[in-house]
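**Q**
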Amino acid sequence: MNLLQKGLLLASITTADAVAAELPKQPNIVFIMADDLGWADVGYHGSKDIKTPNIDKLANGGIKLETFYAQPMCTPSRAAFMTGRYPMRYGLQSFVITPGQHYGLPTDERTIAEALKEAGYSTYALGKWHLGHSKKEYWPQNRGFDYFYGSTIGNIDYFTKKRNGVLDWQRNGKFIEENEYFTDLITKDAVRIIEEQDGKKPFFLYIAHLAVHSPYQAPKKYLDKFMDIKDELRRTYAAMVASMDDSVKAVVDALNRKNLRDNTLILFISDNGGIVGSGYSSGMKKATGNKPAPANNGPYKGSKASLNEGAVRTVALLNWPKKLKAGTNNEIIHMVDWMPTLVGLAGGTAEGNKTIDGLDVWPVITQGKATPHESILINAEFHKGAVRKGDWKLIKKASLPSKIELYNLANDVGEKNNIAKDHPKKVAELEALLNDYAKGSKPALYFKEYMPFIIQDVKTSDMEYSGDEDSGQEGEIPVLPQVDAK
Ligand SMILES: [Ca+2]
Numbered sequence: 002m003n004l005l006q007k008g009l010l011l012a013s014i015t016t017a018d019a020v021a022a023e024l025p026k027q028p029n030i031v032f033i034m035a036d037d038l039g040w041a042d043v044g045y046h047g048s049k050d051i052k053t054p055n056i057d058k059l060a061n062g063g064i065k066l067e068t069f070y071a072q073p074m075c076t077p078s079r080a081a082f083m084t085g086r087y088p089m090r091y092g093l094q095s096f097v098i099t100p101g102q103h104y105g106l107p108t109d110e111r112t113i114a115e116a117l118k119e120a121g122y123s124t125y126a127l128g129k130w131h132l133g134h135s136k137k138e139y140w141p142q143n144r145g146f147d148y149f150y151g152s153t154i155g156n157i158d159y160f161t162k163k164r165n166g167v168l169d170w171q172r173n174g175k176f177i178e179e180n181e182y183f184t185d186l187i188t189k190d191a192v193r194i195i196e197e198q199d200g201k202k203p204f205f206l207y208i209a210h211l212a213v214h215s216p217y218q219a220p221k222k223y224l225d226k227f228m229d230i231k232d233e234l235r236r237t238y239a240a241m242v243a244s245m246d247d248s249v250k251a252v253v254d255a256l257n258r259k260n261l262r263d264n265t266l267i268l269f270i271s272d273n274g275g276i277v278g279s280g281y282s283s284g285m286k287k288a289t290g291n292k293p294a295p296a297n298n299g300p301y302k303g304s305k306a307s308l309n310e311g312a313v314r315t316v317a318l319l320n321w322p323k324k325l326k327a328g329t330n331n332e333i334i335h336m337v338d339w340m341p342t343l344v345g346l347a348g349g350t351a352e353g354n355k356t357i358d359g360l361d362v363w364p365v366i367t368q369g370k371a372t373p374h375e376s377i378l379i380n381a382e383f384h385k386g387a388v389r390k391g392d393w394k395l396i397k398k399a400s401l402p403s404k405i406e407l408y409n410l411a412n413d414v415g416e417k418n419n420i421a422k423d424h425p426k427k428v429a430e431l432e433a434l435l436n437d438y439a440k441g442s443k444p445a446l447y448f449k450e451y452m453p454f455i456i457q458d459v460k461t462s463d464m465e466y467s468g469d470e471d472s473g474q475e476g477e478i479p480v481l482p483q484v485d486a487k
């Protein structure tokens, strides 16, 4: 084809086609997951005491997703990302996989890493997994990742990599003792991986920070930067954010050094909102010495694990200077959307043998299209759930005494005015919608494992008693106060 023919061909295709034609066939994808980051704890959302110049640079030079929904907690959110499916569909809607649990992301669920690997990508997982640890079949290297370096449980010590005395730090299945700070170790490995790329294959690099999840620990050099923050917990938290911000810089610098930046999409997303106020659990109170939790969710109500915006509306941005025009996007985008969107961008196939809840939001991000979601499920558990449809959000607390909350987020983003009583028709519509979603749910594996007599879910009261339930769980140790024999 000569130049004239090429010119004619270009002139004959539409603008949209031209944009598509310009896209490299298979961009590299660097997905950085923050853990429990407060919405307002980044500079570009107005944080005054915590500086995040490197995250801000990505945000301001990229697309800030300001109506991005994750799940309320770590395990469900990661599951939604990995599968493109709402966690209630496979029993991960409730709580997280705790160290004593045996379950994981069911192995018949297809992951984004499997889909990208099939599309020709090298796939790497670094950091915190939290989608199953008890059996190797749940580990990242058996869920589509060529390589895994990190921890499979949550909440390990940032330095010892132990949880209750058990080491949880591995490289490709080999447990190793490394006492450097969690964030520094995964950052060094990310940089090494980027530097070793030979350009023959595109890569998917999933960097899952433990930061800024508890336990609240940071290296001295970062703590020293925040001596003006009086509250010790907030100071440590700020130091953890700053360390993660430096990690972002190291990754971007490595991509620049390797001349990979033009063909690499970077995403920075928090898996859920921050823990604020009085926190949410006795464990958290213990971790904080009964002090207020350190995060700030800005205008959004609630804390991690709730159904309020503070738990599920998270820090989210994309950056790809060569392809994405800087700006702010206010359309509804959900964690489940990354699977079809990123796999679509990679020219792969997201759909396996199960229906995906996520939708391809690339036209929303690049062409200013409206969200393709008529509604989104915020979560559905046996005792509570929430949906958003347009500007309306309904929260149902089904355990007795039950409670219905209805908010119009267009004028009440802080969920301050429950207007359920004024809008019975809207309540009925959204309650029916939430119930329809919930009909597609499976029993929560968390409760099933702790309460084995539940054969369907607590919601149905469908329990099969063996008559031995009164003896408790196997090996359950009585908790008794010490009694003075005298
Ligand atoms: Ca989390």
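Counting from 2, one number per residue, gives the positions in the sequence shown under the working numbering. C-beta: ideal position from N, C-alpha, C; glycine also. All values reported here derive from a predicted model rather than from experimental measurement.
1) Taking only heavy atoms of ligand 1 into account, decide whether any of them is closer than 6 Å to the Cβ of Asn273.
2) Is Met500 buried or exposed, if buried means 16 or more other CB atoms sit within 10 Å of its CB?
3) Could you work out which residue in Lys404, Pro107, Asn257 is closest to Ile420 when comparing CA atoms only?
4) Taking the runs of the beta strand (DSSP E) that are 3 residues or longer, which of them lie wholly in the stretch 301-383?
5) Is it buried or exposed, Ile276, if we count other Cβ atoms within 10 angstroms and call 16 or more buried?
6) Please return the same chain residues whose Cβ sits closer than 6 Å to the Cβ of Ala317, not counting the five positions on each side in sequence.
7) With a threshold of 8 Å, are at least 3 pairs of Cβ atoms found where one atom belongs to the stretch 55-62 and the other to the stretch 410-420?
8) In whole angstroms, what separates the C-alpha of Asp338 from that of Asp361?
9) Would you say Asp42 touches ligand 1, meaning its beta carbon is less than 6 Å from a heavy atom?
10) Buried or exposed, going by whether 16 or more other CB atoms sit within 10 Å of the CB of Ile478?
11) When the Cα atoms are used, what is the spatial distance from His131 to Lys324?
12) Can you name, in chain order, every residue of its own chain whose Cβ lies under 6 Å from the Cβ of Phe96, other than the five neighbours on each side?
13) For the putative contact between Tyr217 and Ser244, defined by C-beta atoms under 8 Å, what is the C-beta separation to the nearest angstrom?
14) Could you name the residues of the same chain whose beta carbon sits closer than 6 Å to that of Pro295, not counting the 5 residues immediately before and after it, in chain order?
15) Is it the case that the Cβ atoms of Ala114 and Phe146 are separated by a distance below 7 Å?
16) Once you ignore the five residues that flank Ala371 on each side, which residues in its own chain have a CB closer than 8 Å to its CB?
17) Ignoring anything shorter than 4 residues or poking outside the stretch 220-304, list the alpha helix (DSSP H) runs there in chain order.
18) Is the Cβ-Cβ distance between Phe205 and Leu117 less than 7 Å?
19) Just verifying my parser: in three-state terms, what is the DSSP assignment at Lys201?
20) Taking only heavy atoms of ligand 1 into account, decide whether any of them is closer than 6 Å to the Cβ of Asp36.
21) Does the beta-carbon of Ser400 have 16 or more other beta-carbons within 10 angstroms, so that it is buried, or is it exposed?
22) Enumerate, from N- to C-terminal direction, the unbroken beta strand (DSSP E) stretches of 3 or more residues contained entirely within the stretch 89-135.
23) Taking the continuous alpha helix (DSSP H) assigned at Ala81, which residues delimit it?
24) Bridge partners for Tyr148 per DSSP, in chain order?
25) Taking the beta carbon of Glu310 as the centre, do at least 16 other beta carbons fall within 10 Å, making it buried, or is it exposed?
26) Can you list, in chain order, the residues of its chain whose CB lies under 7 Å from that of Ala41, leaving out five sequence neighbours each side?
27) Give a yes or no on contact between the stretch 163-180 and the stretch 82-92, applying the rule of three or more CB pairs nearer than 8 Å.
28) Can you tell me whether Arg111 is buried or exposed, with buried defined as 16 or more other CB within 10 angstroms of its CB?
29) Look up Phe160 in the DSSP assignment and say whether it is helix, strand or coil.
30) Does the distance from the CB of Gly386 to the CB of Leu435 come in under 7 Å?
31) Ends of the beta strand (DSSP E) at Val31?
32) Which residues bound the beta strand (DSSP E) around Glu181?
33) Could you give the distance in angstroms between the alpha-carbon of Glu406 and the alpha-carbon of Ile396?
34) Return the chain-ordered list of same chain residues with a C-beta closer than 8 Å to the C-beta of Lys137, the five sequence neighbours on each side being excluded.
35) Taking the beta strand (DSSP E) that Leu407 falls in, what are its first and last residues?
**A** Per the coordinate set shown:
1) Taking the first residue of the sequence shown as 1, we reach residue 273 at position 272. Checking the Cβ of Asn273 against ligand 1 gives yes.
2) Residue 500 lies beyond the range of the chain shown here (2 to 487); nothing can be said about it.
3) By 1-based counting over the sequence shown, the position of residue 420 is 419. The residue with the shortest Cα to Cα distance from Ile420 is Lys404.
4) Taken in chain order, the unbroken stretches of beta strand (DSSP E) that lie wholly in the stretch 301-383 and span 3 residues or more are 317-320, 328-330, 377-381.
5) On the sequence shown, position 275 is the one that residue 276 refers to. Under the 10 Å beta carbon count, Ile276 is surrounded by 16 or more other beta carbons and is classified as buried.
6) Counted from its first residue, the sequence shown places residue 317 at position 316. Around Ala317: Leu66, Phe69, Ile270.
7) no
8) The count along the sequence shown starts at 1 and reaches residue 338 at position 337. The count along the sequence shown starts at 1 and reaches residue 361 at position 360. Asp338 and Asp361: Cα-Cα distance of roughly 6 Å.
9) The residue labelled residue 42 in the question sits at position 41 within the sequence shown. No; taking the cut-off as 6 Å, the Cβ of Asp42 has no heavy atom of ligand 1 nearer than that.
10) As a position in the sequence shown, residue 478 is number 477, starting the count at 1. Its Cβ having fewer than 16 others within 10 Å, Ile478 is exposed.
11) Along the sequence shown, read from residue 1 onward, the residue named residue 131 stands at position 130. Along the sequence shown, read from residue 1 onward, the residue named residue 324 stands at position 323. Each residue's Cα considered, the two are about 32 Å apart.
12) Walking along the sequence shown from the start, residue 96 turns up at place 95. Answer for Phe96: Tyr447, listed in chain order.
13) Counting from 1 along the sequence shown, the entry for residue 217 is found at position 216. Counting from 1 along the sequence shown, the entry for residue 244 is found at position 243. Actually they are not in contact, since the Cβ atoms of Tyr217 and Ser244 sit about 12 Å apart, beyond 8 Å.
14) As a working mapping, residue 295 is identified with position 294 in the sequence shown. Leu234, Arg235, Tyr238.
15) The residue given as residue 114 occupies position 113 in the sequence shown. The residue given as residue 146 occupies position 145 in the sequence shown. Yes, Cβ-Cβ distance for Ala114 and Phe146 is below 7 Å.
16) Taking the first residue of the sequence shown as position 1, residue 371 is located at position 370. Cβ neighbours of Ala371 beyond the five flanking positions: Glu332, Val365.
17) 221-224, 233-258, 283-289
18) Along the sequence shown, one-based indexing puts residue 205 at 204. Along the sequence shown, one-based indexing puts residue 117 at 116. A contact, by the Cβ cut-off of 7 Å.
19) By 1-based counting over the sequence shown, the position of residue 201 is 200. Lys201: coil per DSSP, three-state reduction.
20) Taking the sequence shown and counting its residues from 1, the one referred to as residue 36 is at position 35. Yes - ligand 1 has a heavy atom lying nearer than 6 Å to the Cβ of Asp36.
21) Position 399 of the sequence shown, counted from the first residue, corresponds to residue 400. Exposed, by the Cβ-count rule.
22) Taken in chain order, the complete beta strand (DSSP E) segments of 3 residues or longer contained in the stretch 89-135 are 123-129.
23) In the sequence shown, residue 81 corresponds to position 80, counting from 1. That run of the alpha helix (DSSP H) goes 75-84.
24) Within the sequence shown, residue 148 is the residue found at index 147, counting from 1. Per DSSP, Tyr125.
25) Within the sequence shown, residue 310 is the residue found at index 309, counting from 1. Answer is buried; the Cβ neighbour count reaches 16.
26) Along the sequence shown, read from residue 1 onward, the residue named residue 41 stands at position 40. Closer than 7 Å at the Cβ level, and outside the excluded window around Ala41, lie Gly47, Ser48, Asn297, Asn298, Gly299.
27) no
28) Within the sequence shown, residue 111 is the residue found at index 110, counting from 1. A buried status is given to Arg111, since no fewer than 16 other beta-carbon atoms sit within 10 Å of its beta-carbon.
29) Stepping through the sequence shown from its first residue, residue 160 is reached at position 159. Reduced to three states, the DSSP call for Phe160 is coil.
30) Position 385 of the sequence shown holds residue 386. Position 434 of the sequence shown holds residue 435. Result yes, Cβ atoms of Gly386 and Leu435 sit closer than 7 Å.
31) Here residue 31 refers to the residue found at position 30 when the sequence shown is read from its first residue. 29-35 is the extent of the beta strand (DSSP E) around Val31.
32) Position 180 of the sequence shown holds residue 181. Neither: Glu181 is in no beta strand (DSSP E) and is coded neither H nor E.
33) For this step, residue 406 is matched to residue 405 along the sequence shown. For this step, residue 396 is matched to residue 395 along the sequence shown. So the two alpha carbons sit approximately 5 Å from each other.
34) The residue you call residue 137 lines up with position 136 of the sequence shown. Excluding sequence neighbours, Lys137 sits near Asn143, Gly174.
35) In the sequence shown, the residue the question calls residue 407 occupies position 406. Per DSSP, Leu407 belongs to the beta strand (DSSP E) from 404-409.
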